[in-house]
Amino acid sequence: MTTTAPPAPVSVHPITRTLRMMRFELTMIVRQRVTLLTMVFAPAFVMIFPILAQPETSEQWAQIAAPMCILALLFSVYVTSASVVTARRETQLFKRLRTSELAPAQMLSAIAGPLILIGTVQGLIVLGGCLALGAPFPQQPGYVVLALLGTAVLAVAAGVATGSVAPNIERVQWTVMPLIILGAVGANLVLQPLDEMQGRLVSAIPFASLTSLLARGMGASEDMIAQGALTALPPLVSALLITALWTWIAVSVARKRWRWEPRS
């Protein structure tokens with residue numbers, strides 16, 4: 001009598017595994033009401049500014065729309081990513097996932113991927129709202145897309161770093177406030193007339209160089225943008241390098257302070 005050998009286990013490609021986890025994370029984000037409301041109302045909230053200011057020229061639109069796009073992504077993507085990382089750790093979901101086939105890099109990619117996509121789409125929605133209110137079409141759409149994508153990537157990296165140091169989910173809302181305030185200040189000051197030294201310092205603030213890149217894409221003149229931190233380089237290269245530096249710093253903090261189990 002012959003026995004039938006058990007079927008061989010089906011091998012799942014790491015990319016397929018990560019995509020499945022991304023779909024799970026996206027479902028979890030949608031199911032959490034507070035997170036979903038933040039994602040929805042952040043773009044709607046910032047649209048109040050152009051409605052009240054009623055800008056007319058392309059430079060006026062750039063001066064308003066660029067900082068408010070950054071602000072929308074700070075309140076939605078950055079806060080959400082910090083909250084998600086903290087909640088996953090405190091509920092020991094990360095600890096349980098470590099026993100699965102997912103590698104740590106795949107777990108973090110599954111969290112970051114949907115949030116980066118959502119953040120970029122949010123920024124485009126805000127710009128679409130500005131166009132509906134009468135803003136001129138961006139003069140350099142490539143700058144606009146790169147600025148929004150870079151902002152989403154940096155916001156997620158900063159959120160993971162913040163979530164890794166936040167003690168618990170109740171206090172994460174206070175832990176995110178310093179960077180929100182710093183980013184909002186930098187995003188507004190970088191489009192103000194400043195002297196060379198002040199402009200360089202402001203441009204080095206997280207998200208400030210991306211704000212200036214977004215403003216350039218929307219038609220802002222060089223006179224209304226603060227002097228960049230890396231003046232020897234083109235504005236696009238300078239903005240991407242500064243963003244890459246802050247992203248690296250955020251990732252380094254996350255790796256150093258990361259915990260798989262609750263801190264408390």
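140 is the number that the UniProt record's numbering gives to position 140 of the sequence shown; each next residue is one higher, with no gaps. Where a beta carbon is used, it is the ideal one built from N, C-alpha and C, also for glycine. Nothing here was measured: the structure is a model prediction, and the numbers come from that model.
- Looking at the backbone, the Cα of leucine 240 and that of leucine 124 are separated by about 19 angstroms.
- If you look at serine 100, you'll find it isn't in any alpha helix (DSSP H); DSSP assigns it neither H nor E.
- When Gly113, Ala215, Leu154 are compared, the shortest CA-CA separation from leucine 236 is found for Ala215.
- For arginine 171, the secondary structure class from DSSP, reduced to helix, strand or coil, is coil.
- The beta carbon of tryptophan 258 sits closer than 8 angstroms to those of Ser164, all from its chain and outside the five residues before and after it, given in chain order.
- Taking C-beta separations shorter than 7 angstroms and ignoring five residues to either side along the sequence, the partners of threonine 18 in its chain run Gln106, Ser109, Ala110, following chain order.
- Within the same chain, Cβ atoms closer than 6 angstroms to the Cβ of alanine 161 are found at Ala250, Val253, Ala254, the five residues on either side in sequence being excluded.
- Exclusion of the five residues before and after glutamate 261 leaves Lys95 as the residues of its chain whose Cβ lies within less than 6 angstroms of its Cβ.
- By the C-beta criterion, the stretch 128 to 135 is judged not to be in contact with the stretch 85 to 94, since fewer than 3 inter-stretch pairs fall below 8 angstroms.
- DSSP places proline 193 in the coil class of the three-state scheme, outside both helix and strand.
- Of the candidates Trp61, Gln32, Thr27, Trp61 places its Cα closest to the Cα of methionine 224.
- Cβ-Cβ distances below 6 angstroms link leucine 127 to nothing in the same chain once the five nearest sequence neighbours on each side are left out.
- For proline 178, the number of other beta carbons within 10 angstroms of its own is below 16, and it is reported as exposed.
- Taking the Cα of valine 84 as reference, the smallest distance to any Cα among Thr38, Gly217, Ala42 is reached at Thr38.
- Residue Ala208 holds the alpha-carbon nearest to the alpha-carbon of valine 185 among Thr175, Ala208, Gly199.
- Around the CB of glutamate 170, fewer than 16 other CB atoms lie within 10 Å, so the residue is classed as exposed.
- Counting only the Cα atoms, alanine 66 lies some 14 angstroms from glutamate 222.
- With fewer than 16 other Cβ atoms inside 10 Å of its own Cβ, valine 30 counts as exposed.
- With respect to alanine 53, isoleucine 64 sits close: the two C-beta atoms are nearer than 8 angstroms.
- Leucine 210 sits close to threonine 151, with the two beta carbons spaced by under 8 angstroms.
- At a Cβ-Cβ threshold of 8 angstroms, methionine 22 and proline 114 count as neighbours.
- With 16 or more other CB atoms across the displayed protein chains lying within 10 angstroms of its CB, phenylalanine 75 is buried.
- Taking the Cβ atoms as the reference, proline 43 lies roughly 5 angstroms from glutamine 122, within the contact range of under 8 angstroms.
- In terms of CA proximity to isoleucine 118, Thr27 leads the group Thr27, Thr86, Trp174, Ile15.
- For phenylalanine 49, the enclosing alpha helix (DSSP H) stretches over residues 48 to 53.
- For methionine 68, the enclosing alpha helix (DSSP H) starts and ends at 58 to 73.
- Here proline 138 has Val144, Gly217, Met218 as same chain residues with Cβ atoms under 6 angstroms from its own Cβ, once five neighbours each way along the sequence are excluded.
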